[in-house]
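>
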Amino acid sequence: MKRSLPLAICLGMGILMMIQFFVPHPVSVGLYDVTTKWVRIVAAFALVLGVGSVVMYHTDKVRRRRTGWQYSIVALVMIVISTVVGLAWGVRESGPLQTYIFNPVLVPLNASMFAILAFYMASAAYRAFRARTRESA
Numbered sequence: 287m288k289r290s291l292p293l294a295i296c297l298g299m300g301i302l303m304m305i306q307f308f309v310p311h312p313v314s315v316g317l318y319d320v321t322t323k324w325v326r327i328v329a330a331f332a333l334v335l336g337v338g339s340v341v342m343y344h345t346d347k348v349r350r351r352r353t354g355w356q357y358s359i360v361a362l363v364m365i366v367i368s369t370v371v372g373l374a375w376g377v378r379e380s381g382p383l384q385t386y387i388f389n390p391v392l393v394p395l396n397a398s399m400f401a402i403l404a405f406y407m408a409s410a411a412y413r414a415f416r417a418r419t420r421e422s423a
C-alpha cells in the first residue's frame, strides 16, 4: 500500500496530462491550469525543504570536519551566491544568473549527467536482453 498508492497516483496523473496534451477540451485545459497551480505550490515547498536539508547536511559536515568538508564550504558558498544573484537580478535571458551560473556550469553538468544516464541505460539493456541460450534468442 505504501508503494502502490503513490505509483497509482503518478500513473493516473501522467495519463491525465497526456490526454490533456492531445485533447484540448475545455475540461482538460481547466484541469491542466489547476494542476499547474498545484505543481507550483508543491515545487515551492519542495525547494525550501530541499535547500534546507542541503544546508543542514553541509553545515553539519563542516562543523564536524568530516571527510571532504572543504567541498561543503564551496557548496554552501555557491548556494548563497546563487540565491543572492537570483533574488537581486532575477532570471532573465541576459542576466548574471543565466550568463555566469546557468550557461557555463549547469548546462555542461546536465549534458554530462544525461550522457552517463544514456550509457547506464544502454548497458542495463544489454545485460537484460542478452541472448544466453538459443531459445531466448
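Each residue of the sequence shown is one higher than the last, beginning at 287 in my numbering. We put the CB at the ideal spot given by N, CA and C, even for glycine. All values derive from a computational prediction rather than experimental measurement.
With DSSP collapsed to three states, give me the class of Gly-338.
In the structure shown, Gly-338 sits in a helix (DSSP, three-state: H, G or I).
> Excluding five sequence neighbours on each side, which residues of the same chain lie with their C-beta closer than 7 Å to the C-beta of Leu-302?
For Leu-302, where only same-chain residues beyond five positions count, the Cβ hits under 7 Å are Leu-317.
> Is Thr-353 helix, strand or coil when you go by DSSP?
Coil at Thr-353, not helix or strand.
> State yes or no: is the C-beta of Ser-398 within less than 9 Å of the C-beta of Leu-383?
The answer is no: Cβ separation not under 9 Å.
> Mind reading off the beta-carbon distance from Val-348 to Ser-358? Whole number of angstroms is fine, and I expect it under 8 Å.
At roughly 5 Å, the Cβ-Cβ gap stays under 8 Å, so Val-348 and Ser-358 are in contact.
> Could you please give the first and the last residue of the uninterrupted alpha helix (DSSP H) stretch that includes Leu-403?
Segment 393–415, the alpha helix (DSSP H) holding Leu-403.
> If we ignore side chains and look at the alpha-carbon of each, how far apart do Leu-403 and Val-370 end up?
Going from the Cα of Leu-403 to the Cα of Val-370 covers about 32 Å.
> Tell me whether the beta-carbon of Met-299 lies closer than 9 Å to the beta-carbon of Thr-321.
It is a contact, given that the beta carbons lie within the stated cut-off.
> Quick check: is the beta carbon of Gly-354 nearer than 9 Å to any beta carbon in chain D?
The structure shown contains no chain D; it is built from a single protein chain.
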